[in-house]
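These notes concern the structure reproduced below.
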Amino acid sequence: MRRDEIVEGDALHPGDPVVIDRYSTAARFNHWMTAASLVLLALSGLALFHPALYFLTGLFGGGSNTRAIHPWIGLFLFLGYMGLFFRFWKVNLWTPTDGTWLKKLHVFLIGHEEDMPEVGRYNFAQKAVFWWMGILIMISIASGLVIWEQYFAAYTTVDQKRWAVLIHSVAAIVMICIVIVHVYGALWARGTMTAMIKGRVTGGWAWRHHRKWLRELAADPKANRGTATPAE
Amino acid sequence: MFPPLPNPSTAPGPARFGDKDLIRRSASTVTPPAQRQTEVAKLIDVSKCIGCKACQSACLEWNDQHEEVGVNTGVYDNPHDLTPASWTLMRFTEWVNPETQNLEWLIRKDGCMHCEDPGCLKACPAPGAIVQYSNGIVDFVKENCIGCGYCVKGCPFNIPRISRVDEKAYKCSLCSDRVAVGQGPACAKACPTQAIVFGTKEEMKKHADGRITDLKSRGYKNAGLYDPPGVGGTHVMYVLHHADKPEIYAGLPNNPKISPLVELWKGVAKYAGFAAIGALAVGSVLHRLVAGRSEVSREDETNAQRLAREEETKERASP
Amino acid sequence: MTNSWTDIKNTDLVVVMGGNAAEAHPCGFKWVTEAKANRGAKLIVVDPRFTRTASVADVYAPIRQGTDIAFLLGVINHCMQTDKVQWDYVRAFTNAAYVVKEGFAYQDGLFTGYDESRRDYNRSTWDYEIGPDGYAVVDETLQNPRCVWNLLKQHVATYTPEMVERICGTPKDKFVQIARMIAECASPTRTMTSMYALGWTQHSKGSQNIRAMAMLQLILGNIGVRGGGMNALRGHSNIQGLTDIGLMSNLIPGYLTIPTEREPSFDAYMATRGFKPLRPGQMSYWQNYRKFFVSFQKAMWGEAATADNAFAYDWLPKLDVPAYDVLRAFELMHQGKMNGYFCQGFNPLLSFPNRKKITTALSKLKFLVVMDPLQTETARFWENHGANNDVSPAAIQTEVIELPTTCFAEDEGSLVNSGRWLQWHWAGGTPPGEAKHDTWIMAQIHLRLKELYRKEGGPVPEPIVNLDWRYKDPNEPSPEELAKELNGYTTADLTDPNDPTKVVIAKGKQVPGFAVLRDDGSTACGCWIYSGSFTEAGNQMARRDTTDPDETGAYSKWAWSWPANRRILYNRASADRSGKPWDPSRKLLEWDGTKWTGYDVPDIAPTAKPEEVGPFIMNPEGVSRLFTRGMMRDGPFPVHYEPFESPVVNVVAPKVRGNPVARVFRNDMEQFGDAKEFPYAATSYRLTEHFHFWTKHAHANAVLQPEFFVEISEQLAKEKGIKPGGTVRVWSKRGSVTAKAVVTKRIRPLVCDGKTVHIVGIPLHWGFTGAARKGFGPNSLTPFVGDANIETPEYKAFLVDIEPVAGPVA
Amino acid sequence: MNMELSRRGFLAGAGAGVAGTTLGAFGFGDVEAAHAASIRPFKLANTAEARNTCTYCSVACGIILYSKGDLKKGEKAEIIHIEGDADHPTNRGTLCPKGSALLDVVHSKTRTLYPQIRKAGSDKFERVSWEQALDRIARLMKDDRDRNLVLKNADGVTVNRWTTTGFLAASATTNETAWATYKVVRSTGMVVFDNQARV
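This is how it looks when you write it as structure tokens:
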């Protein structure tokens, strides 16, 4: 019995409508903690990136505090992302379907999802977000340590620091862009937010966006919590 | 000799320049004063310097700095590098002149060059933490400094140092407090041989010409003034006996400029970044308007129910 | 200094040899850089090390320490051979033409009259031929083979450039280049100045080092002129003053001398002083000796010094030996012949040679009193500081009393700089804790002694109880009162010798100058050369007028300089025999037909005719001396002698070790090392970041040069496997020190007489008190031997060995 | 004479012109201008000045002591800064690394503050009063002099020589201190008497 697309805790409850558990409480908590750190990092980072946004340091109790806190939030983000990574890396692996899906991206964008190949728990775009964030967070952490004046000033040359500060800011920008796409996606496809808020989605949502995943859930006795009792 | 400055007056007097004379202020836009003050400059004549460290001593004393007592590491340079307390430092180089085979002991007073185009100020994210006065003095404002160390990356001469005590950046202020009352910097006042002199930038250049002529007459055919154009000129200049190779003076940069990386980071990156973010935001809105929302239909729900039921029965059917 | 710091700007050539002005006197050195910048003057530095002075020099030549005389006589030889001599000056103002007695000779490093057992000379033949007229015989034609000029020519002939290279290790081409540059200054319109310091004095033949240069300067006509002279940079801020006031065993203020046992009476004493002129019409100023002496006695004992008691002549001690200098003092201490010792602002534990001997000597005292503003090592010589002062307190029975004194910032008074300027200063701060002025402390000691002698009696109390102590507050004489005493005042009305009814100066007035001092007790004067410093016109030392007509650098209205506010000594020699300046552009004095006019106070009577009176008025000859007669114990001409510890044998006098009449005590002889055991030539010196052992108490200076180190060449470091910044042990026959190693190109091996000589440089600023890191001083290594004439220890040339050691565990 | 502080100094002389223009350069624009945030107040304002001479070498540079509180007014004065005297002909306001840090030696942590006596064999100093210290010194001196003063030599010549106690004088003390010292020391017949001239 194939269950490539199922994550521990996914469950299907028949009824009208069919209700599916997509994210456990732990998973949701992990996601939102990561999301929060990202937002705080963006705010504090941007505050020191562009004078026009320096006022944002007010949120963190002034420039010095902003400078002091930012790296620590970075570490927090790192932990958060690690959690999500170990939770979801399997279901984010590349499948041939992703290729065909990508080819028909324009169809997806104009909303004709019914004409798209059936996808599993995540479609190509979601996987891209997952992996890119991973890479960028790694880059930001590495370059961030180099410019963490307070503790690591001594270990690198000024020129290395100059590279680091440039790389760090570019990586940050890209991340912010990805986050925007990520959030917009969630808002765009109605019924998605509930997944990260309540943890549940309707069968219809799954049928429309992640049919492959739905099929596996339905076909899986452990996941499919049928109501009818077996006959003698 | 170069006319010495008078003894300072102990009668409290007004400052000769202030905020109204700012031409640059970090992370802020200022409207420069209509009339710029005469530019001042400190001229360091390396060929007259006897490396006595009076400038270091005077700097520590005037600025009430407390440097740690270090160790000897086999050289005369003490401390071994600029520190948050030591804003100036004699750097000693033993150089054998390949042409004459004579040993030359090159001694250079290191410290802030007070660039006309200051990299530290350009890199600084904290409004008003670094300021530049119309007389050319580049000064750090402790109260506004956040200790991020960007100035270190911005400086082409590797001058600013961040204190581990209060996480603030420090460097030579050209004794702005003395200049403000018509005095010269403490180092220039102290320098026993007047290897350091202070005045208007024009006077300093004129004085330098005289020195260079003298040096040429003594066989230093490459004697010259170090006033690097790469940073728009500096308000601390050197007379060098070998101006053709500044790097032999403990690595004085040959044609210094603000690192292209910093330019990129503080320039293109900033604008491109915001452009990208903006574009995406707009894009999303447009997409929403054009493509509308992706809705789950009733049909989808029934399909899901059907699927769930069929599979369930399949399972029951199987033995 | 014969000239002044500010006068150096007038020179054409600066020779820094036996000194390191840029490091030891940076602000005075300014005037060298001024001369370079404004006159295009050149700077020559001759030194074993490439010093910070050398770093701004036009020409630098290395030299092995202790061979300066060979170098200088080599230059004199060059000048004589190439006829680079300012003949008019030499003929008119030196004793070149004087004929020397038959019997005087020089051979194999010794002059006639040497007595090995006494390590001394019988100097009777070292003098002029005296003619029937009672005057010295001269031969203006310089034909007489026994005239000074010809004897000198013959004496220096040995010192060819090749010989100089063999002895000094100075590359021949460098030597010749320098000799030529110097010789140019024989022209009346070119002057050279000599700047030297302890690099010349701290040798067993220190005074002869200086003589050699003085002779050269005379041959070039550079004494008494602007931008010329013999300029001793001197050490401490008032070492000139302390010497002027004669705080030495054998001195009376103003370079008068303490009686010896051979002078039982005042007349006997006077008979050997107050020299008669050796040539007609000369001033021979010491003829006034009696006036100065009597006035001094009056300043000491006031009313109690009268003609009847020979002005208290017997209250002065009489010496049995030439001098009880510091070396003798510590020798006596070491022999257990001393009980008490006072150190007033002095740190002998680090200042005197052979520290082991110093510690032992101090340990044999009953009591030691230290008066100092800082916690000196000497006051703690009994305190164990591990390797830095390895003693056991319990074993040391000396009672030590430490008295806190004020420092410069808290007291008022005058200091004499090397240019002989007496400058007054004022206190600016309140003394810390219970610190007191030295004047208060000395007064307290005196008053207590006086009281004890009044109460208890005792041997010869008179000089103590009669000491003139009539101060407003006997407990603390004020600086003004003391300064006025030094200047001198009248104790009775001074009447015109020609008209006794006419009072020239009333009783109780400050004297205007030493010219009015008398030998009948009607004047009192603490220090005759200071007469004029605090007159009825007020405190001349406090003058602050910076005017300087024609910017000669004289500043004659700034403070006051002895003698008689004269800024350049022997200034009459700045003009030729007829009184015209040698160099009109550098005029100092000029004879206008009736009197001397110019920028300075003439050295001779303002109306003394130029053809008649010689410029060197303190000499009975009226001229300067290329040949010093019997006035120096080790010879009328300088001779190259090796240091007592030398890496090579003396090429010109192989049989002589060191200076044959240098001050050596028997048991110290055995403490000399030889080149087999200690192969490297060491020298000690100061660094610009520090001043002796004081600035290690100043935090900033401790920062600028924190730790004791020694300097060696890259070659020696390679040979010995010494790493830059590594730790080394350096030891001599007398002791051992550990230090950081500074490996440098500025010190290079020299080749002397075919032998490679490595030099080890040892700076002297560290001890075991203060803000800097604990360290050693070179005096743990240096030999206990003194100069033949002035007993200055030989700190600049001795032998050591060196090896790398494991660094201290931090 | 005492403390007139000629501001004239060399500005009156040749320097005036140039120095003038130099001063102008520091922007005598608008004198009402207040201190900028970056410029700290001039720390010598309202201090008392005293002319002094550097205590170290014999170049004898002119210095000015700046203090809080004025000795001349009989106040307690604490020196807060020391700087070269621009009016001084030799140093023209310049100072070497030692002179520039004179303040650190004046306020050195290792200055002596009160009389101390270290008894024979002891391993520490003990604080005593001036009275105790001075009485003790006078006693020790007199006892030694009474015992060891040489009145006459072998040939019966009066020599009044005291060789068992010696005095080493400083070389940074004033002439006036030196003279007081000379008088006191010589009056006792002490001959083991020397100063720093040799080293």
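Residue numbers (this note's numbering), protein chains in the order written: chain P, 1 to 232; chain W, 1 to 319; chain Z, 1 to 810; chain Y, 1 to 199. Note that beta-carbon positions come from the ideal geometry of N, C-alpha and C, so glycine has one too.
Burial state of residue i (16 or more Cβ within 10 Å)
i               : result
G109 of chain Z : buried
V730 of chain Z : buried
S578 of chain Z : exposed
A123 of chain W : buried
D87 of chain Y  : buried
V805 of chain Z : exposed
M213 of chain Z : buried
P260 of chain W : exposed
H242 of chain W : buried
I63 of chain Y  : buried
Q132 of chain Y : exposed
V285 of chain W : exposed
K189 of chain W : buried
S129 of chain Y : exposed
L102 of chain P : exposed
Residue j beta carbon less than 9 Å from that of residue i
i               : j               : result
R629 of chain Z : W126 of chain Z : yes
L102 of chain Y : L113 of chain Y : no
V75 of chain Z  : I182 of chain Z : yes
T490 of chain Z : S522 of chain Z : yes
A92 of chain Z  : V613 of chain Z : no
T193 of chain W : K48 of chain W  : yes
E263 of chain Z : T272 of chain Z : yes
A223 of chain W : I212 of chain W : yes
L43 of chain P  : I137 of chain P : no
M164 of chain Y : R147 of chain Y : It should be noted that the sequence gives Thr, not Met, for residue 164 of chain Y. Yes; because the gap between Cβ atoms is below 9 Å, this pair is in contact.
R748 of chain Z : Q715 of chain Z : yes
Residues near residue i by beta carbon distance below 8 Å, same chain, minus five either side
i               : result
A653 of chain Z : D108, G109, L110, V639, H640 and Y641
Y313 of chain Z : P259, S265, F266, Y269 and Q297
Partners in chain C for residue i, counting only beta-carbon separations shorter than 7 Å
i               : result
W265 of chain W : Absent from the structure is chain C; the protein chains it does hold are P, W, Z and Y.
Beta-carbon proximity list for residue i, same chain, < 6 Å, skipping 5 on both sides
i               : result
L214 of chain P : A206 and W207
N144 of chain Z : V99
S284 of chain Z : F275, P277 and P620
Q196 of chain Y : S171
Cβ neighbours of residue i in the same chain (closer than 7 Å, five flanking residues each side left out)
i               : result
Y56 of chain Y  : K98 and G99
H207 of chain W : F2, L43 and V197
G513 of chain Z : S531, G532 and A564
Stretch pair the stretch 326–336 of chain Z + the stretch 744–760 of chain Z: three plus CB contacts closer than 8 Å: no
The stretch 177–189 of chain Y in contact with the stretch 234–245 of chain Z per 3-pair CB rule at 8 Å: yes
The stretch 18–27 of chain W in contact with the stretch 123–141 of chain W per 3-pair CB rule at 8 Å: yes
Any 3 or more C-beta pairs closer than 8 Å across the stretch 62–77 of chain Z and the stretch 698–706 of chain Z: no
At least three beta-carbon pairs within less than 8 Å, the stretch 511–530 of chain Z to the stretch 475–491 of chain Z: yes
Members of the stretch 173–206 of chain P near chain W, C-beta cut-off 7 Å: I173, I176, C177, I180, V181, Y184, W188, A189, R190, G191, T202, G203, G204, W205 and A206
Stretch pair the stretch 240–254 of chain W + the stretch 89–102 of chain W: three plus CB contacts closer than 8 Å: yes
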